[in-house]
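Okay, structure first, notes after.
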Amino acid sequence: MKNFLAPEELAPAVVSWGANKARKSILQLLLLGFLAGVYIGFAAHLATVVGTGAVAWIGLKKFFIGAVFSVGLMLVVIPGSELWTGNTMMTMALLDRKVTLIQMMRNWFWVYLGNLLGSVFLAWMIVSQTGLMDGILGATALQIATAKVTTEIAGSSHNLAYFFRAVGCNWLVCLAVLLAISAQEISGKILGIFFPIMAFVAAGFEHAIANMYFIPAGIFAKQLQSAVTASAIDAALLTRLNWAGMWHSNLIAVTLGNFIGGGIFVGAVYWLVYLRKED
15 MKNFLAPEEL APAVVSWGAN KARKSILQLL LLGFLAGVYI GFAAHLATVV GTGAVAWIGL
75 KKFFIGAVFS VGLMLVVIPG SELWTGNTMM TMALLDRKVT LIQMMRNWFW VYLGNLLGSV
135 FLAWMIVSQT GLMDGILGAT ALQIATAKVT TEIAGSSHNL AYFFRAVGCN WLVCLAVLLA
195 ISAQEISGKI LGIFFPIMAF VAAGFEHAIA NMYFIPAGIF AKQLQSAVTA SAIDAALLTR
255 LNWAGMWHSN LIAVTLGNFI GGGIFVGAVY WLVYLRKED
């Protein structure tokens with residue numbers, strides 16, 4: 015028995031996958047989106063823990079962070095939930111005329127909202143209610159979040175650089191989803207998810223839903239004086255870490271880049287190659 019789908023078989027399977035997502039109710043999309051936000055948030059918290067402290071070789075540290083972050087997509091795909099970044103591949107079902115533009119946008123809106131609510135909820139719970147983030151872990155959360163809204167990029171604007179980082183990210187994330195759909199066994203799905211997710215994190219790319227955890231975690235950590243002190247971040251930079259900055263200095267650009275990476279470079283391209291019918 016073949017344990018994976020070949021590309022010619024995979025493309026129609028992804029169209030059916032996208033069409034099924036369009037049929038879910040608003041309540042299902044919100045709840046499953048909330049769960050996916052929490053699952054990615056768990057992975058982001060793991061990445062924060064693993065990223066705390068010094069490792070002599072930066073590439074090895076990034077590998078470990080990416081390795082634990084892959085747990086998030088495993089939890090999304092295998093038990094089942096709705097993650098907006100993966101759902102950008104619904105463009106395949108749209109181009110194949112299995113869903114309408116309104117159905118696709120309806121899915122994206124409610125799933126994105128659910129992802130946001132789940133991510134912010136988990137960030138609040140872990141940072142403000144568990145006591146885990148007092149001290150150096152909270153300092154790491156602050157350093158990650160502050161960098162995501164204040165980093166100066168030589169020769170480019172912050173938002174443009176983060177847009178292209180987001181393109182690379184969701185290109186790899188959606189390839190991970192394709193590998194998981196292709197694999198017919200759990201072990202294959204896990205391995206198919208692990209390597210592209212590890213790669214995007216280690217490469218330094220940007221994921222909108224992960225940032226819905228990372229940046230709020232930093233905002234909540236600003237209330238922990240021990241974390242602020244340990245972070246050694248300049249007070250002027252910390253003032254730029256806020257809810258408005260989360261959107262105009264990160265999420266808008268990263269969301270657009272994620273759409274291009276997944277919806278165009280994966281969804282649309284694979285439709286053109288394997289499903290487009292010549293007139």
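For the sequence shown, our numbering begins at 15 and goes up steadily by one. Backbone N, C-alpha and C fix where the C-beta goes; we use that ideal spot for every residue, glycine too.
Between the beta-carbon of A224 and that of A58 there is about 5 Å, and that keeps the pair under the 8 Å contact cut. Taking C-beta atoms under 8 Å as the contact rule, G152 and L238 qualify, at a distance of about 5 Å. Three or more Cβ pairs drawn from the segment 19-32 and the segment 92-111 lie within less than 8 Å of each other, which places the two stretches in contact. One thing to note: G32 has its Cβ within 8 Å of the Cβ of K112. Counting the other Cβ atoms within 10 Å of the Cβ of K203 gives 16 or more, which makes it buried. Put simply, the backbone Cα of T253 is about 10 Å away from that of I233. By the criterion of at least three beta-carbon pairs nearer than 8 Å, the segment 176-193 is in contact with the segment 270-290.
In the structure shown, A168 falls within a coil segment according to DSSP collapsed to helix, strand and coil. For A250, the enclosing alpha helix (DSSP H) has its first and last residue at 249-253.
Annotation for N272: the continuous alpha helix (DSSP H) segment containing it runs 266-273. If you compare the alpha carbons of V134, A36, A213 with that of F56, the shortest gap goes to V134.
The beta carbon of L289 sits closer than 6 Å to those of A25, D110, all from its chain and outside the five residues before and after it, given in chain order. Around the C-beta of M119, fewer than 16 other C-beta atoms lie within 10 Å, and the residue is accordingly described as exposed.
Contact between the segment 156-174 and the segment 74-91 is absent: fewer than three C-beta pairs spanning the two stretches fall below 8 Å. Closest option to V125, judged by alpha-carbon separation, among D148, S171, L41, I207: L41.
Our two residues, W122 and M139, have alpha carbons roughly 26 Å apart in a direct line. Pairing L131 with G271, the inter-Cα distance amounts to about 21 Å. When Cβ pairs closer than 8 Å are counted between the two stretches, the segment 211-225 is seen to touch the segment 168-187, the count reaching three or more.
A235 is a Cβ neighbour of A241, given a cutoff of 8 Å.
Within the DSSP bridge table, the entry for A197 names F18 as partners. Here E23 carries a helix assignment [DSSP, helix/strand/coil]. Spatial neighbours of V90 in its own chain (CB-CB distance under 6 Å, excluding positions within 5 residues in sequence) are listed in chain order as A50, Y53, L97. If you look at T99, you'll find it in the alpha helix (DSSP H) that goes 98-101. The beta carbon of L45 is closer than 8 Å to those of G128 in its chain, skipping five residues each way along the sequence. By the beta-carbon neighbour count (other beta carbons within 10 angstroms, threshold 16), R179 is buried. Here the C-alpha atom of G47 lies approximately 15 Å from the C-alpha atom of N34. The three-state secondary structure of T66, taken from DSSP, is coil. CA-CA distance, G86 to H221, rounds to 12 Å.
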